[in-house]
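Peer 1: This is the structure, below, for whatever I ask next.
Below, the structure is given as structure tokens:
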């Protein structure tokens with residue numbers, strides 16, 4: 001199986017990041033998710049090793065991540081901290097909605113405007129206790 005390592009594909013403009021909202025909105029509106037063959041293939045690779053998936057907008061990268069998050073939650077019978085980073089606040093909200101809709105996990109979302117930069121250990125401990 002060939003895995004692309006085209007670094008130039010990792011750079012996206014702000015407009016491209018914002019346009020991924022279309023992909024997310026389509027995924028939110030459908031509670032049933034049936035992965036495509038390439039998503040299953042990437043999922044299997046990512047389960048076994050660190051992976052960077054370079055796919056065009058709308059190709060379902062978010063859903064591959066959701067599949068991985070669900071797998072980690074299933075394999076680990078104890079509380080596990082999973083962090084999903086997003087480059088913009090709007091994408092934080094979108095990813096939060098998709099993960100919340102497609103998993104039974106208690107999900108949180110955090111970004112600078114919430115004042116998280118000033119949180120101490122006590123605040124973070126409280127948040128991680130309230131979420132899966």
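Numbering (the UniProt record's numbering), first residue to last: 1 to 132. By construction, the Cβ of each residue, glycine as well, lies at the ideal position given by its N, Cα and C atoms.
1) Label residue 7 either buried or exposed according to how many other C-beta atoms from any shown protein chain fall within 10 Å of its C-beta, with 16 as the threshold for buried.
2) Here's a check: name, in chain order, each residue in its chain whose Cβ is nearer than 6 angstroms to the Cβ of residue 114, leaving out the five neighbours to either side.
3) For the alpha helix (DSSP H) containing residue 38, name the first residue and the last one.
4) Please classify residue 133: is it buried, with 16 or more other beta-carbons within 10 angstroms of its beta-carbon, or exposed?
5) Might you give, ordered along the chain, the residues of its own chain that have their beta carbon closer than 6 angstroms to the beta carbon of residue 132, omitting 5 neighbours on each side?
6) Can you list, in chain order, the residues of its chain with a C-beta nearer than 6 angstroms to that of residue 67? Leave out the 5 residues immediately preceding and following it.
7) What are the boundary residues of the alpha helix (DSSP H) that residue 83 is part of?
8) Have a look at residue 127 and residue 76 and give me their C-alpha separation to the nearest angstrom.
9) Compute the distance between the beta-carbons of residue 84 and residue 64, then report whether it is under 9 angstroms.
Peer 2: So, from the listed chains and residues:
1) Residue placement at residue 7 is poorly supported in this model, since its pLDDT is 42, which falls under 50; the coordinates are not used for a value here.
2) In the same chain as residue 114, and ignoring 5 residues on each side of it, no C-beta atom comes closer than 6 angstroms to its own.
3) Element bounds for residue 38: 37 to 48.
4) For the chain, the structure presents residues 1 to 132; residue 133 sits outside this window and is missing.
5) Taken in chain order, the residues that qualify are 105, 106.
6) 43
7) Run containing residue 83: none; DSSP gives neither H nor E here.
8) A straight line joining the alpha-carbon of residue 127 with that of residue 76 spans about 20 angstroms.
9) Going by C-beta atoms, residue 84 is not nearer than 9 angstroms to residue 64.
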